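Chemist: Sequential numbering from 0 applies to the sequence shown in numbering that gives the first Met the number 0.
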Amino acid sequence: MRDMQARASALPRLRSLLVLRDGQTLTAQVFNGGPPLDRPVNIKSASKSVMSALIGIAIQRGVFEGVDQPILPLLRRDAPADPDPRLARVTIGNLLSMQAGLERTSGENYGRWVSSPNWIRFALARPFVAHPGTAMLYSTGSTHLLSAALTRATGRSTLANARAWLGEPLGVTIPSWPADPQGIYFGGNEMRLSPRALARFGELYRLGGIIDGRCILPAKWIEQSWTPRAVSPWSGKAYGFGWFLTEMKGHPVRFAWGYGGQMVYVIPDLRMTVVMTSDPNGARDTGHIDALHGIVENAVVPAAERGAS
Numbered sequence: 000m001r002d003m004q005a006r007a008s009a010l011p012r013l014r015s016l017l018v019l020r021d022g023q024t025l026t027a028q029v030f031n032g033g034p035p036l037d038r039p040v041n042i043k044s045a046s047k048s049v050m051s052a053l054i055g056i057a058i059q060r061g062v063f064e065g066v067d068q069p070i071l072p073l074l075r076r077d078a079p080a081d082p083d084p085r086l087a088r089v090t091i092g093n094l095l096s097m098q099a100g101l102e103r104t105s106g107e108n109y110g111r112w113v114s115s116p117n118w119i120r121f122a123l124a125r126p127f128v129a130h131p132g133t134a135m136l137y138s139t140g141s142t143h144l145l146s147a148a149l150t151r152a153t154g155r156s157t158l159a160n161a162r163a164w165l166g167e168p169l170g171v172t173i174p175s176w177p178a179d180p181q182g183i184y185f186g187g188n189e190m191r192l193s194p195r196a197l198a199r200f201g202e203l204y205r206l207g208g209i210i211d212g213r214c215i216l217p218a219k220w221i222e223q224s225w226t227p228r229a230v231s232p233w234s235g236k237a238y239g240f241g242w243f244l245t246e247m248k249g250h251p252v253r254f255a256w257g258y259g260g261q262m263v264y265v266i267p268d269l270r271m272t273v274v275m276t277s278d279p280n281g282a283r284d285t286g287h288i289d290a291l292h293g294i295v296e297n298a299v300v301p302a303a304e305r306g307a308s
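#1: Is DSSP giving arginine 270 helix, strand or coil here?
#2: Would you mind giving the Cβ-Cβ distance between valine 265 and threonine 276, rounded to the nearest angstrom? I have them listed as a contact below 8 Å.
#3: Evaluate contact between the segment 152 to 170 and the segment 208 to 218, counting only Cβ atoms and requiring at least three cross-stretch pairs below 8 Å.
#4: How about leucine 17 and alanine 198: are their beta carbons less than 9 Å apart?
#5: Within 8 Å, do at least three Cβ pairs link the segment 150 to 164 to the segment 131 to 140?
#6: What's the call for lysine 43, buried or exposed, on a 16-neighbour Cβ count within 10 Å?
#7: Methionine 275 bridges to which residues according to DSSP?
#8: Grouping DSSP H, G and I as helix and E and B as strand, with all else coil, what is asparagine 108?
#9: Where does serine 8 land, buried or exposed, given buried means 16+ other C-beta within 10 angstroms?
#10: Apart from the five residues just before and just after glutamate 64, which ones in its own chain have a Cβ nearer than 8 Å to its Cβ?
#11: For phenylalanine 200, which of helix, strand or coil comes out of DSSP?
#12: Exposed or buried, what is threonine 226 when buried is set at 16 or more other beta-carbons lying within 10 Å of its beta-carbon?
#13: To the nearest angstrom, how far is the alpha carbon of methionine 262 from that of leucine 144?
#14: Decide if lysine 47 is buried, meaning its Cβ has at least 16 other Cβ atoms within 10 Å, or exposed.
#15: For tryptophan 256, does the three-state DSSP call read helix, strand or coil?
#16: Excluding the 5 residues preceding and the 5 following aspartate 83 in the sequence, name in chain order all residues of the same chain whose CB lies nearer than 6 Å to its CB.
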């Protein structure tokens, strides 16, 4: 654990670190002038893991039929007049696993997308660069389509659903975050949660969807979300439904990953949840992300292995 502290202290972009085992907080630190641990911060694309949880709850509640439900009937009013026939084959599951096949709205296309007058229409009109259900094409537009579908199917905003389905039962604050020009809350980016709220969210998954005796998220959904479905061409990590999947020293690790280093690691067999937040505004720096992974793999995991069972 001293090694962990030393590694963390050496990272100028790091803002917070929480380590929980069996639900007990072992470490709770702020670095480099970061905000208090209970203050919401921009979690960037770690929002995609939260969006995935909302979809799982919506399926359990009967809002959606399941992950094989086609997305086009839910969003048809924003679809192209004469769409590519493959658009009818894109499912909720394809959007969750980044296998829609549509040209990405992230990376070099992100600016054009968020500058467009209708983000849903823009995302649905992208040309197909792969068949649905095949290659992983990481695209925030995919999770935004899920936010739109959830809003239209429930008749209330993604913010309202998030507060009712996650915020209230977890006892965490979910403040408002940006929405698109049509008022659809950004699905998969810019959500605000405090590091302590992120830890609570990670614990929800670690505990099989049950916290304080209350079933909030179906255990089956967690299993589905943590089933490898694609492999990122950038990181080489497997991807499920909104979660990256890897192993560290032989232990399965599932993690939410937001730009700049907004991380939630869940290590089920070691009964651990680790949260790290970082400066969300810096230039892309894979070295910082590698260092965060290294803290978990080379300091936290060995400490847990050596600690009491």
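For glycine and all other residues, C-beta sits at the position ideal for the given N, C-alpha and C. Keep in mind that this is a model prediction, so the values were computed, not measured.
Modeler: This is what the structure holds:
#1: For the purposes of this step, residue 270 is taken as residue 271 along the sequence shown, with counting starting at 1. Three-state DSSP puts arginine 270 in coil, outside helix and strand.
#2: Reading the sequence shown from its first residue, position 266 is the one you call residue 265. Reading the sequence shown from its first residue, position 277 is the one you call residue 276. Not really, about 16 Å apart at Cβ, beyond 8 Å.
#3: yes
#4: Walking along the sequence shown from the start, residue 17 turns up at place 18. Walking along the sequence shown from the start, residue 198 turns up at place 199. Yes, the Cβ-Cβ distance between leucine 17 and alanine 198 is below 9 Å.
#5: no
#6: Numbered from its first residue, the sequence shown carries residue 43 at position 44. Lysine 43 comes out buried.
#7: Counting from one through the sequence shown, the residue named residue 275 turns up at place 276. Looking at the DSSP assignment, methionine 275 forms a beta bridge with Leu16, Met262.
#8: As a working note, residue 108 is residue 109 in the sequence shown. Looking at asparagine 108 - three-state DSSP - the assignment turns out to be helix.
#9: Stepping through the sequence shown from its first residue, residue 8 is reached at position 9. Flag for serine 8 reads exposed.
#10: Counted from its first residue, the sequence shown places residue 64 at position 65. Ile58.
#11: Here residue 200 is taken as the residue at index 201 of the sequence shown, counted from 1. It is helical.
#12: Counted from its first residue, the sequence shown places residue 226 at position 227. Sixteen is the threshold: since fewer than 16 other Cβ atoms of the shown chains lie within 10 Å of the Cβ of threonine 226, the residue is exposed.
#13: Translated into positions along the sequence shown, residue 262 becomes position 263. Translated into positions along the sequence shown, residue 144 becomes position 145. So the two alpha carbons sit approximately 23 Å from each other.
#14: On the sequence shown, residue 47 is found 48 positions in, with the first residue counted as 1. Buried is the call here.
#15: Along the sequence shown, read from residue 1 onward, the residue named residue 256 stands at position 257. The answer is strand: DSSP assigns tryptophan 256 an E or B state.
#16: For the purposes of this step, residue 83 is taken as residue 84 along the sequence shown, with counting starting at 1. Once the five neighbours on either side are set aside, the close Cβ partners of aspartate 83 are Phe127.
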